[in-house]
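Just so you know, the sequences run in chain order D and C. In terms of the numbering used here, the first sequence opens at residue 241 and continues consecutively. In terms of the numbering used here, the second sequence opens at residue 30 and continues consecutively. Backbone N, C-alpha and C define an ideal beta-carbon position, used for all residues, glycine too. Have a look at the structure below, then the notes.
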Amino acid sequence: MQNPYVPYPVEVIKIVTEVDTKDIKTFRLAFVNKEDEEKFKYLPGQFAELSLFGKGESPIGIASSPTNPGYVEFTVQKAGVVTTALHEMEEGTIMGIRGPLGNSWPLDYLEGKNVVVVGGGFAFTTLRALTQYMIHEENRKKYGKITVIYGARTPGLLIYKDELAAWSKRDDLDLHVTVDKGDENWKGREGFVPTVCKEVAPSAQNAVAVICGPPIMIRFTLPVFFELGFSKENIYTSLEMRMKCGIGKCGRCNVGSKYVCKDGPVFSLAELDKLTPEY
Amino acid sequence: MEKRLIKKEALVGILKKIGETSTVFAPVRVEDNVLFKELEPHEEPLIDYLNTKNAPKGVFFPRTEVMLRYVRTPKGTVLKGVELAAGEVVLFGVRPCDARSFALLDMLFDQEKYKDPYYIAKREKAIVVTLSCHQIPYATCFCTSVGGDPVDSAGSDVLLTEIGDEYLVEFLTPKGEKLAAFFGGAPATAEAEKKKEEVSLKAKNAIASRIPAQEIKSFLDANFDHPFWDTIHKRCLACGTCTYLCPTCHCFDISDEMKYDDGRRLRNWDSCMYPLFTKETSGHNPRPTQKERWRQRVMHKFKYYVDNFSAIACVGCGRCVMYCPVNIDIRKIVEDISKLQ
C-alpha cells in the first residue's frame, strides 16, 4: 500500500520572485528520485501538499503543466508558517511534495470547445497550468478559441510577466492583460477584470469559462458571464479550504458532503449550487 | 462459524493466556473511571461494567501518533523513517456500539482509493472481542435508534453473550477463530442459542431512549439554512469533549515537532467544535461561529456520512450526552429536528 502521507523528496532547482512586493515566488521543484516523477502524474487544476519537515505542510495548486516534464512548479504567497519558511529557502534545498491531490480542470469536457480563462491577482496559478496545457503543440488542436483575461491590481503584481509577454505574440491565443491602476511605464489596459470581460465579451456559443480570483472579483465577474449567456454548467472555478490530509480523512475541508481536497477543488457553478454555501 | 459455550468464571483466565502472546486492551478501573486501555501485567479486566468512558477507537486511531520521523542534513531536512508499528492486539470487552464504530471508521479510513495505512495496519492486526450488553443500560444509551443493538455483531471478530452462568462465544471471522483454541469450552447447544435470542430481545427492549435518527435526513437535505440552527450552540463551550469521546469522530490535525536535528510529524485528534479547525491563513473562516460548527457536527453524523457511506455516523453510545458539561443532548436535537418536518 502506497502511504499517501509520505512526501516525495524534491530539490528546489529555481526560484523566481514574481511581484514587486516580493511576497509571491514561484518554486521549480525536481524529483530527487526519477521514479517518483512517474508516480506524480498530474493534470492542470490539481494541487499538492508542499511539505517542509519541521514546519508543516501547505496545500498549493500546481502552477506548471505536465506538458513540461522534468519539474513541477508552485507559485506561493508568503502568508503562514510553512509558506514563510518556503520563501526563506534557497535553490538546492531538498523539501517534499505530496500528491497530486484533487480532481482537475475538466480537460475532456473542454475538448472541442472555446475556452475563456479568467484570472485575478495571484489566483492565476492553476489557470496558467491549464493555459500551458491547452496551447502545447500536441494539445492545441483539441480546443477551439482560447481567450485569456488576466488582471492584477498593479503592473508590479502581475505574475508570470515573461510568459504573458510570450503569449501576447501568439496568434492562437487571445490574451487580455489588465491592471486596476497602471503606472508611468504601463502601456497596457487599465480596468477591473469584470469590466474587461464585458468589453472583450467572449461568445457563450460552445464555450466554457474557467474563473479563478479573489472573491470580490468572482462576485462581479459571474454576472457578466451570465449576461453573455454562459450557463452554470459551463462556468468552472476552484475552491480553497483549510486542509491537512488532502485525501478526505481529516474532516475539515468539506462543503456539504463533498471534500474540497478529493472531490474538488474544481467545481462547476452548477455543482456548487447543489452544495451548501459554506466556503 | 464456530460457536462455543464457556463458564463465566473461566473468562479471566482465558484473557490472561491470550495476554501472554498478544497485547490486550480491555476495560480497567482507574480511580473513578472505567477506561478502555492496554492491560498491564498486574491489572485485571473489568467484566461487570456498562461501558468505558473513552471509546476504544483510540487503539486504531490514537489521540497522538507519530506518522514519520525526519532529520536535518546540510541539504535540507529529509525523511528518516515511517512508523507503521503494529503488533498483534486483542481488544476485549468492547461493547457492540463501539464495535460498530470500527465498521463505520473502516468505511472512511479503508476506502477504495485513499487508504490510511496507519489505521489499517493497526486494524488488520487486531482481534475485536465484544461483550454483548445484557444488563440494564445507561439512560443515555440509544443504539437501537441508529442501526445497532445490544447484541449486534458489526465490527466484531468474536461476540460473547452472557446466558445464565455461561457465555455463548461466537467466532464471527477467520481472525476471531484464531482465538478459538484459547477459549476451549463445549460446542454451543441449540438451547444456548435460543437463550441468546431471549437475552437479545430483552436487552433491545431495555433501551428506552429512542430517537428518529433516520427520519431527519430529508429535513437536513433541505434545511442548511433554518432558524433552528440558531438554537443549539448558544451554551456550547467549544470544549470538544463530545468529539473526543465519540467513537466515530475521526477528524485530525497533522503537526510537526523538532528537537535539535531530529523531528517527527504527528497526527493528533482535532475537533470541528474548535474555531481554528477551519480558519484559513488569510483569516477567513467558513465556519465563523459555534452555530456553523454545531450544524457541521449534526450534518456530518446524520446527513454527510449517510450521503457518502449510507450509514449514520453515530452508534448511540450516549457518551456525548453523558459528559457534555452544559448538557447539550444530541437526542434532543434530533427529536427537535424531527418535529420541524
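When 9 Å is used as the limit between beta carbons, D/C490 is near these residues of chain C: H279, C280, F281, D282, I283, R296, D299, in chain order. Per the DSSP secondary-structure output, C/P166 pairs with nothing in a beta bridge. Here C/A183 has R129, A132 as same chain residues with Cβ atoms under 6 Å from its own Cβ, once five neighbours each way along the sequence are excluded. Per DSSP, C/I43 is one residue of the alpha helix (DSSP H) stretching across 40-50. Shown here for D/L404: same chain residues with a beta carbon closer than 6 Å to its own, the five before and five after excluded, namely V417 in chain order. Flagged as an interface residue toward chain D: C/R316, by a C-beta distance shorter than 8 Å. As computed with DSSP, C/A215 is found in a beta bridge with C/L34. Interface criterion met: the Cβ of C/G292 is under 8 Å from a Cβ in chain D. Put simply, the CB of C/M96 is near chain D, with a gap under 8 Å to one of its CB atoms. Judged by DSSP secondary structure, C/F248 falls within the alpha helix (DSSP H) whose first and last residues are 246-251. Beta-bridge annotation (DSSP): D/N343 is not paired with any residue.
Listed as beta-bridge partners of C/R129 by DSSP are no residues whatsoever. With 16 or more neighbouring CB atoms inside 10 Å of its own CB, D/A303 falls in the buried class.
By the neighbour-count criterion, in which 16 or more other beta carbons inside 10 Å mark a residue as buried, C/Y99 falls on the buried side. A Cβ-Cβ distance of about 6 Å is found for the pair C/C280 and D/C490, placing them in contact under the 8 Å criterion. In this structure, D/G396 lies near D/D260, with their beta-carbon atoms less than 8 Å apart. Spanning the alpha carbons of D/V450 and D/K472 requires a straight line of approximately 11 Å.
C-alpha of C/A39 to C-alpha of C/E117: approximately 23 Å in a straight line. Residues are counted here when their Cβ sits less than 7 Å from a Cβ of chain C; for the stretch 287-302 of chain D these are F293, G294, K295, G296, E297, given in chain order.
Scanning the stretch 286-351 of chain D from its first residue to its last, the whole beta strand (DSSP E) runs of 3-plus residues come out as 287-292, 296-301, 312-317, 334-341. Comparing C-alpha distances from C/S284 to each of D/Y400, D/I337, D/G310, D/C485 shows the shortest one belongs to D/C485.
If you ignore the 5 residues before and after D/M374, its C-beta comes within less than 8 Å of the C-beta of L350, V355, R380, K382, Y383, I386, all in its own chain and listed in chain order. Closer than 7 Å at the C-beta level to chain C, one finds no residue of the stretch 362-393 of chain D.
A distance below 7 Å between beta-carbons, with the five flanking residues on each side excluded, links D/E331 to the following residues of its chain, in chain order: V252, I253, K254, I255. For C/F121, the enclosing beta strand (DSSP E) covers residues 118-123. Pairing C/E321 with C/E244, the inter-Cα distance amounts to about 22 Å.
Annotation for C/S367: no beta strand (DSSP E) segment contains it, though the alpha helix (DSSP H) segment containing it runs 359-369. Counting of Cβ neighbours within 10 angstroms places C/S161 among the buried residues, the total reaching 16 or more.
Assignment of C/L75 by DSSP, reduced to helix, strand and coil, places it in the coil class.
Listed in chain order, the positions of the stretch 307-340 of chain C with a beta carbon within less than 9 Å of a beta carbon of chain D are T307, K308, E309, T310, S311, H313, N314, P315, R316, E321, R324, Q325, M328, H329, K332, Y333, Y334, V335, D336, N337.
With respect to the 8 Å criterion, C/K144 and D/M241 are classified as neighbours on the basis of their beta carbons.
Per DSSP, the unbroken alpha helix (DSSP H) holding D/E467 starts and ends at 455-468. Beta-bridge partners of D/S478 (DSSP): D/V506. The stretch 32-50 of chain C and the stretch 186-195 of chain C touch, with three or more beta-carbon pairs separated by less than 8 Å. Cβ-Cβ distances below 7 Å link C/V175 to A242, I341, C343, V344, G345 in the same chain, with the five nearest sequence neighbours on each side left out; the list follows chain order.
The beta carbon of C/L266 sits closer than 7 Å to those of P354, V355, all from its chain and outside the five residues before and after it, given in chain order.
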